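Below is one structure, written out as structure tokens; the observations come after it.
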Amino acid sequence: MQALRRGTQASVRTSRSLLRSQQRRFESHDSGHAQPHASHGSSDSNESLGRGFYIGVTCIPLIFLIHDFATSKDPWVTRMISYDWSEEWARRNNIHLEAVQRAAADRNLFLNSEPSQRHELRSPEQFNSGSAHNVWAGAYINLDKVIAHYENQNREEEEAKLGRLQQQEKGSK
């Protein structure tokens, strides 16, 4: 118990002596002691607060003054929504409206047009898609006329396309 009391008394004594001592002066420390030509001033001079401190202290009220003059009565979020986004939303709404109107016109066109009654045959092999084994006589019809018809139709379409291309080339020159 005696050792504990001595330890606490010693720590109280050192803390009291620290409280009584003066604050450290930053100009009097030993930086630059390796430079023999530098002469240090007296060890009991205090450093000033510096230009940065005074600039910072004067900027605080200036910031509040500028803020008061620059702000309006509406909150920042309300101003952001009403000013910046109203034009953007109007532009987006116009684009959306045009797209919906085009889609409605296309749908109206498709719903009111008559469907084609003819189904084009793209390949005549579709009729002969069965197995070649165990075919009895007369199971398939003769497709020579159908094949000739579609070959003529395809040839006429190709000639018409070629004629249009030649006319466009003549017109562009």
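Take any residue in the sequence shown, note its place counting from 1, add 1267, and you have its number in our numbering.
The beta-carbon is built from N, C-alpha and C at its ideal position, and this holds for glycine as well.
Keep in mind that this is a model prediction, so the values were computed, not measured.
Between the CA atoms of residue j and residue i - distance to the nearest angstrom
| i | j | result |
| --- | --- | --- |
| F1320 | C1326 | 10 Å |
| S1315 | V1324 | 15 Å |
| W1352 | V1344 | 11 Å |
| I1348 | T1338 | 15 Å |
| N1360 | A1366 | 10 Å |
| N1379 | R1385 | 18 Å |
| D1341 | I1362 | 30 Å |
| A1277 | N1313 | 31 Å |
| I1414 | L1364 | 49 Å |
| R1389 | E1424 | 13 Å |
| L1376 | A1370 | 10 Å |
| R1374 | R1346 | 41 Å |
| L1329 | W1356 | 37 Å |
| A1372 | N1409 | 46 Å |
Chain-order list of residues whose beta-carbon lies under 7 Å from that of residue i (same chain, five-residue window excluded)
| i | result |
| --- | --- |
| S1383 | none |
| Q1433 | none |
| T1412 | It is Lys, not Thr, that sits at residue 1412 in the sequence shown. None. |
Proximal residues to residue i (C-beta, below 8 Å), its chain only, five neighbours per side dropped
| i | result |
| --- | --- |
| T1275 | none |
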